[in-house]
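In case it helps, numbering that gives the first Met the number 0 puts the sequence shown at residues 0 to 163. Ideal Cβ placement from N, Cα and C applies to all residues, glycine included. These notes concern the structure reproduced below.
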Amino acid sequence: MTSETAEPTVSRTTSDDGATVLRLAFEFAFPPTVLWKHLTDAEKLKYWFPCEMEFEPRKDAEILFRYADQKPLRGVVLEAERPSVLAYTWERDTLRWELERTPDNGTRLVLLLTPGSPRHAATMAAGWHLTIAGLDDFLNKRNLGQDPALWEVYVDRYREQFAD
């Protein structure tokens with residue numbers, strides 16, 4: 000366990016069909032089974048995920064994403080292979096979480112995010128950077144480091160990084 004929040008490796012690529020794909024890779028000091036629980040258990044998701052999420056981690060299951068005082072957003076589980084892959088839609092976005100055990104019994108978590116609107120790539124990268132850093136803080140029993148003041152710093156970083 001580290002005292003500092005994990006920093007992701009972030010890149011932008013294009014899928015075979017021409018869609019923008021963001022790739023965020025993090026290293027965690029916990030095995031894939033622990034990360035899987037934090038990706039699929041509503042009681043654990045509520046501490047770090049951006050909204051409440053109701054679903055069963057099985058292919059074709061419906062997902063409800065709930066924000067306070069808003070109509071739920073919807074998604075569908077595309078793939079669920081415990082504890083290595085979870086993929087689903089979230090309205091027009093697609094998220095694919097890949098968990099790979101590292102030699103030290105940790106996990107390399109890779110989020111492949113296909114945004115429904117590619118022009119929001121920098122803000123989405125910044126948001127997921129902060130969100131997954133919050134998961135790292137939660138797992139390591141640190142105060143959540145999702146500092147709103149970092150939002151613009153990360154948005155600017157990714158706008159510059161993704162500039163063509």
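Inset, instruction - Jot down the residue ranges of each uninterrupted beta strand (DSSP E) in the region 7 to 77, minimum 3 residues, whole runs only, in chain order. - result: 8 to 13, 19 to 27, 51 to 53, 61 to 65
Legend entry - Among Glu-51, Glu-151, Pro-82, the one whose alpha carbon lies nearest that of Phe-29: Here residue 29 is taken as the residue at index 30 of the sequence shown, counted from 1. Out of Glu-51, Glu-151, Pro-82, Pro-82 has the C-alpha closest to the C-alpha of Phe-29.
Legend entry - Outcome for Val-9 when other beta-carbon atoms lying within 10 angstroms are tallied against a minimum of 16: The residue labelled residue 9 in the question sits at position 10 within the sequence shown. Val-9 is buried by the Cβ-count criterion.
Inset, instruction - Put Glu-90 into one of helix, strand or coil per three-state DSSP. - result: Along the sequence shown, read from residue 1 onward, the residue named residue 90 stands at position 91. In the structure shown, Glu-90 sits in coil (DSSP, three-state: anything other than H, G, I, E or B).
Legend entry - Inter-stretch contact at 8 Å, needing at least 3 Cβ pairs: the region 14 to 21 / the region 83 to 91: no
Legend entry - Residue burial classification, Thr-1 (beta-carbon count within 10 angstroms, cutoff 16): Position 2 of the sequence shown holds residue 1. Reliability fails at Thr-1, whose pLDDT of 46 lies under 50, so the model's placement of it is uncertain and the value that follows must be treated cautiously. Flag for Thr-1 reads exposed.
Inset, instruction - Sort Tyr-153, Pro-31, His-37, Glu-6 by Cα distance to Asp-103 and report the nearest one. - result: By one-based count along the sequence shown, residue 103 stands at place 104. Minimum Cα distance to Asp-103 is reached at Pro-31.
Legend entry - Among Ala-120, Leu-110, Glu-151, nearest to Pro-7 - alpha-carbon criterion: Here residue 7 is taken as the residue at index 8 of the sequence shown, counted from 1. Per the Cα distances, Leu-110.
Inset, instruction - Please work out which residues of its chain come closer than 6 Å, Cβ to Cβ, to Thr-39, disregarding the five sequence neighbours upstream and downstream, and give them in chain order. - result: If you number the sequence shown from 1, residue 39 lands on position 40. Hits under 6 Å: Pro-56.
Legend entry - Burial state of Tyr-153, where buried means 16 or more other Cβ atoms lie within 10 Å: Locating residue 153 in the sequence shown gives position 154, where the first residue counts as 1. Tyr-153 should be labelled buried.
Legend entry - Residue range of the unbroken alpha helix (DSSP H) whose run includes Thr-122: Locating residue 122 in the sequence shown gives position 123, counting from the first residue. Start and end: 120 to 138.
Legend entry - Three-state secondary structure (DSSP) of Arg-81: Counted from its first residue, the sequence shown places residue 81 at position 82. Arg-81: coil per DSSP, three-state reduction.
Legend entry - Reference Leu-167, options Asp-68, Gly-105, Arg-118, closest by Cα: Not covered by the structure: residue 167. The range shown for the chain is 0 to 163.
Legend entry - N-terminal and C-terminal residue of the beta strand (DSSP E) that Arg-107 is part of: On the sequence shown, position 108 is the one that residue 107 refers to. Unbroken beta strand (DSSP E) run through Arg-107: 106 to 113.
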